[in-house]
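Report on the following structure.
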Ligand SMILES: *Cc1c(COP(=O)(O)O)cnc(C)c1O
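In my numbering, the protein residues as written are 231 to 597.
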């Protein structure tokens, strides 16, 4: 029983969602603030009778709302059941034999490669833990590249002009996927470039900036040619992946962005405060444009810190791969949650600070 394809797979391992006790949950980059007032309104007006019917397979209203919000045409928008699904369709539609992406980056990319039998050409980060886009873009014998910007788990950021330069030099026959899951936390989107680069696909999610990881809604922006290709992939897999309620909530949210701008600005302010506090105590902290921070203690190992925090009711993300094992990825929560984190870290690291250790450069050129 079971296919060779299945036996060969190594599935993605999501961050823990424990049910045994309540934690301060800083491990899966969820937004600590609730969804906006428009969501309650849509749910209150939702008629259960609607559930009798299949949802709109082409997400007409949602895509119109996204097009208006981003200044593109509806035909340049795709919607899927979370951006994970959108990315999966993009890998299927765009890549035959090989694709280049940074290492480390979003750990789902190698899983899609595995799933579709695509070779993953991994390009190490630069010495500041940023994406080396020049090397990425010059990787030979690939069908395209995927860039998470800001990157995960590091939070490092590429300014749009660096992506534009890479696109200018890149073969228009190769697809370039820019995964902007964290773009709401201080980055600038490359969606405006889709008119000029027919091979560019920009992927967004409602899970992080829009505070609705549970809704499972992702969007993609690209040329009509790429969007048609994604629809072709979707319609060979599931005609109705996006729930009707998700389509309605998404459309309403895109029409009222001010609440989300405000909560993301709060997260950015909290991030700056935590950055100063940790670098001040000798931690190495990668400057982040995301709603998390990638941090390393000068003495204590990542696993040890992860365990000690968990005992104190705080969950952070630790990756056991050798290059990442010294680090923790910590989601930016509310100010109160981050104060609890800083207090716990002080207690856990007491007596283990190396004086005179150079902190990570406290300002990172935004290259
Ligand atoms: C969280 C995340 C996603 C997945 O988002 P969903 O829309 O919840 O599936 C995609 N890419 C990156 C880099 C992420 O961190």
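Ideal Cβ positions, reconstructed from N, Cα and C, are used throughout, including at glycine. Note that the structure is predicted; figures quoted are calculated from it, not measured.
Considering only heavy atoms of ligand 1, does any lie closer than 7 Å to the CB of residue i?
i: residue 309; result: no
Does the Cβ of residue i have 16 or more other Cβ atoms within 10 Å, making it buried, or fewer, making it exposed?
i: residue 280; result: exposed
i: residue 260; result: buried
i: residue 579; result: buried
i: residue 310; result: buried
i: residue 231; result: exposed
i: residue 490; result: buried
i: residue 241; result: exposed
i: residue 541; result: exposed
i: residue 467; result: exposed
i: residue 236; result: exposed
i: residue 561; result: buried
i: residue 274; result: exposed
i: residue 367; result: buried
i: residue 529; result: exposed
i: residue 532; result: buried
i: residue 495; result: exposed
i: residue 347; result: exposed
i: residue 249; result: exposed
i: residue 234; result: exposed
i: residue 384; result: buried
i: residue 519; result: buried
i: residue 264; result: exposed
i: residue 293; result: buried
i: residue 298; result: exposed
i: residue 559; result: buried
Let me know the secondary structure DSSP gives residue i once reduced to three states.
i: residue 241; result: coil
i: residue 269; result: helix
i: residue 309; result: strand
i: residue 375; result: strand
i: residue 395; result: helix
i: residue 247; result: coil
i: residue 675; result: With the chain covering only 231 through 597, there is no way to say anything about residue 675.
i: residue 438; result: coil
i: residue 561; result: strand
i: residue 505; result: helix
i: residue 231; result: coil
i: residue 544; result: strand
i: residue 389; result: coil
i: residue 452; result: strand
i: residue 331; result: strand
i: residue 463; result: helix
i: residue 409; result: strand
i: residue 497; result: helix
i: residue 361; result: coil
i: residue 321; result: helix
i: residue 415; result: helix
i: residue 256; result: strand
i: residue 447; result: coil
Excluding five sequence neighbours on each side, which residues of the same chain lie with their C-beta closer than 6 Å to the C-beta of residue i?
i: residue 421; result: 300, 432, 451
i: residue 312; result: 446, 448
i: residue 436; result: 442, 445, 447
i: residue 507; result: 572
i: residue 381; result: 335, 361
i: residue 392; result: 363
i: residue 227; result: Because residue 227 is not part of the residues shown, which for the chain are 231 to 597, the question remains open.
i: residue 326; result: 373
i: residue 556; result: 526, 532
i: residue 409; result: 378, 433
i: residue 478; result: 272
i: residue 257; result: 245, 545, 546, 547
i: residue 262; result: 563, 564
Can you list, in chain order, the residues of its chain whose CB lies under 7 Å from that of residue i, leaving out five sequence neighbours each side?
i: residue 255; result: 545
i: residue 424; result: 302, 306, 430, 432, 451, 452, 453
i: residue 598; result: Beyond the ends of the chain as shown, which are 231 and 597, falls residue 598; an answer cannot be given.
i: residue 642; result: Outside the displayed range of the chain (231 to 597) lies residue 642, so it cannot be described from this structure.
i: residue 345; result: 239
Is any non-hydrogen atom of ligand 2 found closer than 7 Å to the C-beta of residue i, if you look at the structure I gave you?
i: residue 515; result: For ligand 2, the structure offers nothing, since it holds only ligand 1.
Among the residues of its own chain, which have a CB less than 8 Å from the CB of residue i, if the five just before and after it don't count?
i: residue 251; result: 543
i: residue 253; result: 540, 543, 544, 545
i: residue 369; result: 330, 351, 353, 375
i: residue 338; result: 242, 314, 317
Report all residues for which the CB-ligand distance to some heavy atom of ligand 1 is below 5 Å; order them along the chain.
312, 313, 314, 336, 378, 382, 409, 411, 435, 437, 448
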